[in-house]
Structure formats: structure tokens, C-alpha cells
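Below: one structure, written as C-alpha cells.
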């Protein structure tokens with residue numbers, strides 16, 4: 007294949023991958039907007055009740071035990087939210103995987119489809135969503151969340167903000183962020199591109215684990231600003247994207263850390 011023809015194929019593949027990721031992300035955000043609007047219930051007083059993120063106006067008494075179907079709805083909400091928040095920042099890694107895979111294919115070396123790599127990445131965040139759903143259940147049982155799934159305690163909000171702020175400066179955060187910021191280097195350091203689908207799935211899962219190590223504290227902030235607060239979700243998603251993509255991402259992370267600590271301190275002063 008000539009260089010011109012190869013570049014044309016690579017450009018086409020790049021467009022296909024970008025469009026696919028954009029559609030997946032847009033669908034996730036549309037679903038979140040639908041759920042958030044449903045849970046708002048037109049400003050109704052929800053005292054004594056908790057909303058179920060089902061898109062059908064479902065609610066339960068706040069002191070009633072969670073039912074399996076409620077856990078399932080909340081888990082699905084977290085999965086969709088993680089897709090909407092994390093896919094934009096994962097796009098550079100997936101695009102590199104797709105590009106190198108296509109180049110190898112033209113040379114007779116077949117690698118597993120980039121969809122397997124992306125699937126492994128989302129599998130890691132699905133596992134995180136299970137943990138987040140369990141945390142939501144525990145906080146609600148302790149009456150620490152409002153019906154809109156935001157902190158009902160200034161002390162809890164302050165603790166989460168300060169913890170997230172400190173983690174922005176932690177060596178573990180820095181180590182995980184370095185893997186997320188260097189896609190090709192990450193793949194090379196972890197065995198390279200894979201021929202078999204399960205190998206690509208495992209590589210994507212490993213990348214997801216590093217991404218969770220980078221962002222878990224930011225995700226915990228959803229319990230402060232509101233799990234269904236679209237503006238708060240969007241702000242955190244933008245912060246994650248800036249940390250990973252822009253050249254001064256590390257500075258962004260640390261400045262955000264200072265802001266979180268200051269915000270937590272402000273909440274503590276309000277409780278005194």
C-alpha cells in the first residue's frame with residue numbers, strides 16, 4: 007500500500023473511531039440528562055423519600071431497605087455516568103491503539119480490534135461503578151445523602167473535599183496520571199499491542215485501573231456536589247480531561263487540589 011493510500015485509510019479509521027466515541031459519549035450524557043430531569047420531579051418536596059434513577063419517577067421511603075431492582079438502577083446510572091465522564095479522556099489512547107493496529111494490518115500483522123481495548127477500559131470503570139453504588143447505599147442508609155444524592159452533612163462534604171484535595175498532590179496520583187498522559191509509552195511498558203482479543207481486553211482493563219487510580223477521589227466528589235447535578239458532573243469531567251490531555255495537566259491537578267482543600271475548610275467553618 008502506498009503512503010498516500012495508507013494515510014487515507016488511517017484518516018478514515020480515525021474519523022470512524024472518533025464518531026463512535028462521540029456517539030457513545032453523547033448517548034451517555036443524554037441518558038444522564040433524562041435521569042436528572044426525572045429525579046428533580048418538578049421541584050417537588052422529597053422530604054422522607056429517596057429517588058430511584060430509573061427515568062420513571064420512582065421513589066421509595068427514605069428509611070426503607072434498598073431492593074435489588076433499586077441497586078440495579080443505581081448501578082446502571084453509575085456505569086452510564088462513568089462512560090460519559092471518562093470516554094473523552096480515554097479517546098487519545100483508543101485512537102493510538104486503532105492507528106497502530108491499522109498500520110500493522112497493512113504489514114500483515116493482525117492485532118485485536120481497538121473495541122476490545124476500549125471494552126477492557128470500560129470493564130474497569132464498571133467494576134468501579136459497583137463500588138460507587140455500594141458506597142451510595144451505605145451513605146443513604148446512614149442518612150448522609152439527600153434525595154438528589156448529594157451530601158446532607160457539611161462534615162462529610164468537607165472531609166471528602168479535603169481528601170480529594172490532598173490526593174491531587176499524592177505520589178500515587180502522579181504515578182497513575184503519568185500512565186494516562188503517555189498512551190503509547192503505557193502500551194509499550196505493558197507488553198505492547200496484542201494479537202488476541204482477551205489480551206487487548208486485559209490491556210484496556212489495566213489502563214482503566216490506572217485511570218481509576220488517578221480519578222477515584224474526583225469521582226467521590228460527586229457525593230458532595232450531587233450525583234445527579236449535571237453541572238457538577240460536567241465540571242469534574244472537564245477537569246479529568248484537562249489533567250490528562252493538556253501539557254500543563256499536572257499544574258491543573260494541583261491547583262484543583264488547593265481549591266478542594268479550601269472548599270473543605272470553608273465547609274468546616276460553617277459547621278463551627
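Residue numbers (this note's numbering): 7 to 278.
Where a beta carbon is used, it is the ideal one built from N, C-alpha and C, also for glycine.
Here the structure is a predicted model, which is why all the values come from computation and not from measurement.
* Buried versus exposed, by CB contacts within 10 Å (16 or more), residue 209 -> Your numbering for residue 209 matches position 203 in the chain shown. That one is buried.
* Asked: Beta-carbon of residue 223 versus every beta-carbon of chain C: anything under 9 Å?
  -> Of the chains in the structure shown, none is chain C; there is only one protein chain.
* **Rounded C-alpha distance that separates residue 188 from residue 98** => Position 182 of the chain shown holds residue 188. Position 92 of the chain shown holds residue 98. Taking the straight line from one Cα to the other gives about 9 Å.
* Asked: Residues in its own chain within less than 6 Å of residue 217 by CB, not counting five upstream and five downstream?
  -> By one-based count along the chain shown, residue 217 stands at place 211. Counting only Cβ-Cβ distances below 6 Å, and skipping sequence neighbours, we find 186.
* Asked: Do the segment 93 to 107 and the segment 117 to 126 meet, that is, are 3 or more Cβ pairs less than 8 Å apart?
  -> yes
* Touch check for the segment 234 to 242 and the segment 140 to 150: three-plus C-beta pairs under 8 Å? -> no
* Report yes if the C-beta distance between residue 255 and residue 173 is below 9 Å; otherwise report no. => Looking up residue 255 in the chain shown gives position 249. Looking up residue 173 in the chain shown gives position 167. No, these two residues do not count as a Cβ contact at 9 Å.
* Asked: Thinking C-alpha only, which one of 253, 202 and 83 is nearest residue 134?
  -> Counted from its first residue, the chain shown places residue 134 at position 128. Of the candidates 253, 202 and 83, the one whose C-alpha sits nearest the C-alpha of residue 134 is 83.
* Please report the residue range of the alpha helix (DSSP H) in which residue 56 lies. => Residue mapping note: residue 56 aligns to position 50 of the chain shown, counting from 1. Unbroken run through residue 56 is the beta strand (DSSP E), 55 to 58; no alpha helix (DSSP H).
* Asked: Are at least three pairs of beta-carbons, each pair with one atom in the segment 263 to 272 and one in the segment 163 to 180, less than 8 Å apart?
  -> yes
* **Within the segment 129 to 158, ranges of the beta strand (DSSP E) (whole runs, at least 3 residues)** => none
* Asked: Once you ignore the five residues that flank residue 271 on each side, which residues in its own chain have a CB closer than 8 Å to its CB?
  -> On the chain shown, position 265 is the one that residue 271 refers to. Answer for residue 271: 164 and 168, listed in chain order.
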